[in-house]
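All remarks here apply to the structure that follows.
There are 2 protein chains.
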Amino acid sequence: MALGKNYEGQDCSLARALELIGERWTLLVVRDALYGVRRYGDFLAHLDIPRAVLSQRLQALVEAGAMERRRYQESPPRDEYVLTEMGRELWAPVHLLARWGERHLSANGPHRTFHHQPCAVRLDSEGVCPSCGARAPLEEIEVRPGPGADHARQDPVSLALRHPHRMLQPLPG
Amino acid sequence: MALGKNYEGQDCSLARALELIGERWTLLVVRDALYGVRRYGDFLAHLDIPRAVLSQRLQALVEAGAMERRRYQESPPRDEYVLTEMGRELWAPVHLLARWGERHLSANGPHRTFHHQPCAVRLDSEGVCPSCGARAPLEEIEVRPGPGADHARQDPVSLALRHPHRMLQPLPG
DNA sequence: CTTTCATGGTTCATTCATTGAACTTAACTC
DNA sequence: GAGTTAAGTTCAATGAATGAACCATGAAAG
Numbered sequence: 005m006a007l008g009k010n011y012e013g014q015d016c017s018l019a020r021a022l023e024l025i026g027e028r029w030t031l032l033v034v035r036d037a038l039y040g041v042r043r044y045g046d047f048l049a050h051l052d053i054p055r056a057v058l059s060q061r062l063q064a065l066v067e068a069g070a071m072e073r074r075r076y077q078e079s080p081p082r083d084e085y086v087l088t089e090m091g092r093e094l095w096a097p098v099h100l101l102a103r104w105g106e107r108h109l110s111a112n113g114p115h116r117t118f119h120h121q122p123c124a125v126r127l128d129s130e131g132v133c134p135s136c137g138a139r140a141p142l143e144e145i146e147v148r149p150g151p152g153a154d155h156a157r158q159d160p161v162s163l164a165l166r167h168p169h170r171m172l173q174p175l176p177g
Numbered sequence: 005m006a007l008g009k010n011y012e013g014q015d016c017s018l019a020r021a022l023e024l025i026g027e028r029w030t031l032l033v034v035r036d037a038l039y040g041v042r043r044y045g046d047f048l049a050h051l052d053i054p055r056a057v058l059s060q061r062l063q064a065l066v067e068a069g070a071m072e073r074r075r076y077q078e079s080p081p082r083d084e085y086v087l088t089e090m091g092r093e094l095w096a097p098v099h100l101l102a103r104w105g106e107r108h109l110s111a112n113g114p115h116r117t118f119h120h121q122p123c124a125v126r127l128d129s130e131g132v133c134p135s136c137g138a139r140a141p142l143e144e145i146e147v148r149p150g151p152g153a154d155h156a157r158q159d160p161v162s163l164a165l166r167h168p169h170r171m172l173q174p175l176p177g
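These protein sequence lines map, in sequence, to chains V and L.
Per the working numbering: the first sequence = residues 5 to 177.
Per the working numbering: the second sequence = residues 5 to 177.
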């Protein structure tokens, strides 16, 4: 969505949230970051997003406090973008939305499935582990390719996600 | 977001979901519909949305199966837009997003609060009633104006929401 | 039986955001 | 010093959002 102008008359926390994460591409950037993507070039290749838009979105997320930009090497200087606690809290709504899309809008079964790694059991829509009954913490969740997975993409992130992967672990390996 | 072109390369149920509800204004229309708004003119006045955009969004929601358009009187012929089960299932992610926005992006406390009416207790972020421990069904949830409520808007829907109101009950009364 | 009103739209010119290609910067590598 | 990689910025063209004006239908008022 957009800038100052937007939704400003709306007396609602949802509108505030959408001013940030309702912008086009933003939630997909967050999804990738939850998977563990951290670098500009990897977001770029995995999302097929115009460079200018990616720059703007990462900056907006950083300004809002949902991501942090930090230097991970000095020579040559390189920065990476990682989710803050605020950003990681988007996991619950993102997962719920994805499961809703899977139920109602996807054709061939889930593209990816999410498992509570210690219990080796698939999470339910709410992110709860049916085995231990707890809401799985992000660090204990594993993404796996599902039956509806598409093998067309050849970018490094897509390739890495052909194998089970712990959420938030830097991607691609 | 947009039409055929969009997110099509994304191998992800979230992308499918965002093609529909990630479009600007769409999730606010859904939020209003969850409150009980049903008529074109009421969405229009409450959202301050351009008429052309509202028409397009309602049509997209109907086409996707999240809303149903139905005649509620014959003379003069008048239609209303109501959420289907698929649409009502968006309550969980919408509520979660709103609570996230409230925690991280809102200044003066919640604009509205959601309560399990039979227990008369405020729901937690996940929509669970702390008193009875169950996920509250939409029909049993009451919206109430919160401490951060803004009293500037004068449209019929805003006026009706100054008082406690059962979700999905036709609005304005 | 003509005018006016209410509702629910469509049309259209302007503004604004997104796209995608090309260019820039900076530092390292050969 | 030529080439490469990473991370951007710039810019012209396209497409969507905006907001005002217009249109259609039916009912109610005069």
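By construction, the Cβ of each residue, glycine as well, lies at the ideal position given by its N, Cα and C atoms.
Here the structure is a predicted model, which is why all the values come from computation and not from measurement.
Applying the 10 Å Cβ sphere with the 16-neighbour rule, what's the burial state of HIS2(L)?
For residue 2(L) there is no data in the structure shown, the boundaries of chain L being 5 and 177.
Cβ atoms of LEU87(L) and ALA156(L): under 7 Å apart, would you say?
Against the second sequence, residue 156(L) aligns to sequence position 152. Against the second sequence, residue 87(L) aligns to sequence position 83. Going by C-beta atoms, ALA156(L) is not nearer than 7 Å to LEU87(L).
Within 7 Å of any Cβ in chain V, is that where the Cβ of TRP95(L) sits?
Along the second sequence, one-based indexing puts residue 95(L) at 91. By this cut-off, TRP95(L) is not an interface position.
Buried or exposed for PRO168(L), going by 16 or more other Cβ atoms inside 10 Å?
Along the second sequence, one-based indexing puts residue 168(L) at 164. Classification for PRO168(L): exposed.
CYS136(V), buried or exposed, once every other Cβ within 10 Å from all chains shown has been counted against 16:
Taking the first residue of the first sequence as 1, we reach residue 136(V) at position 132. The residue is exposed, with fewer than 16 neighbouring Cβ atoms inside 10 Å.
State the DSSP-derived secondary structure class of ASP36(L), mapped to helix, strand or coil.
Here the question's residue 36(L) lines up with position 32 in the second sequence. ASP36(L): helix per DSSP, three-state reduction.
Kindly list, in the order they appear in chain V, the residues whose Cβ is closer than 7 Å to that of ARG20(L).
The sequence position of residue 20(L) within the second sequence is 16, counting from 1. Those within 7 Å of ARG20(L) in chain V are GLY105, LEU109 and SER110.
Bridge partners of MET71(V), per DSSP?
As a position in the first sequence, residue 71(V) is number 67, starting the count at 1. Its beta-bridge partners are LEU87(V).
Kindly identify the DSSP beta-bridge partner or partners of ILE25(V).
Stepping through the first sequence from its first residue, residue 25(V) is reached at position 21. According to DSSP, which records beta bridges pairwise, ILE25(V) is partnered with nothing at all.
Does the segment 99 to 115 of chain V come close enough to the segment 138 to 154 of chain V to have 3 or more Cβ pairs within less than 8 Å?
yes
Can you give me the C-alpha to C-alpha distance between ALA138(V) and TYR39(L), rounded to a whole angstrom?
To locate residue 138(V), count along the first sequence from 1; it is residue 134. To locate residue 39(L), count along the second sequence from 1; it is residue 35. Between ALA138(V) and TYR39(L), the C-alpha separation is close to 31 Å.
Chain-order list of residues whose beta-carbon lies under 6 Å from that of GLN121(L) (same chain, five-residue window excluded):
On the second sequence, residue 121(L) is found 117 positions in, with the first residue counted as 1. Once the five neighbours on either side are set aside, the close Cβ partners of GLN121(L) are GLU144 and GLU146.
Of all the CB atoms in chain L, is at least one closer than 7 Å to the CB of ASP154(V)?
By one-based count along the first sequence, residue 154(V) stands at place 150. ASP154(V) counts as touching chain L.
I'd like the list of long-range same chain contacts for LEU94(V), defined as Cβ closer than 6 Å, with 5 residues on each side in sequence excluded.
Locating residue 94(V) in the first sequence gives position 90, where the first residue counts as 1. Cβ within range, chain order: VAL34.
Proximity below 7 Å, CB of LEU3(L) to CB of ALA96(V)
A question about residue 3(L) goes unanswered here, because the residues of chain L that appear run from 5 up to 177.
Any beta carbon of chain L sitting closer than 7 Å to that of MET171(V)?
What you label residue 171(V) is simply residue 167 of the first sequence in a count that begins at 1. Not closer than 7 Å to any Cβ of chain L, the Cβ of MET171(V) fails to qualify, so no.
Taking DSSP as the reference, what is the three-state secondary structure of GLN77(L)?
Locating residue 77(L) in the second sequence gives position 73, where the first residue counts as 1. Strand.
Let's test the definition: count the other Cβ atoms within 10 Å of the Cβ of SER59(L) and tell me whether it reaches 16, buried, or not, exposed.
Locating residue 59(L) in the second sequence gives position 55, where the first residue counts as 1. Its Cβ having fewer than 16 others within 10 Å, SER59(L) is exposed.
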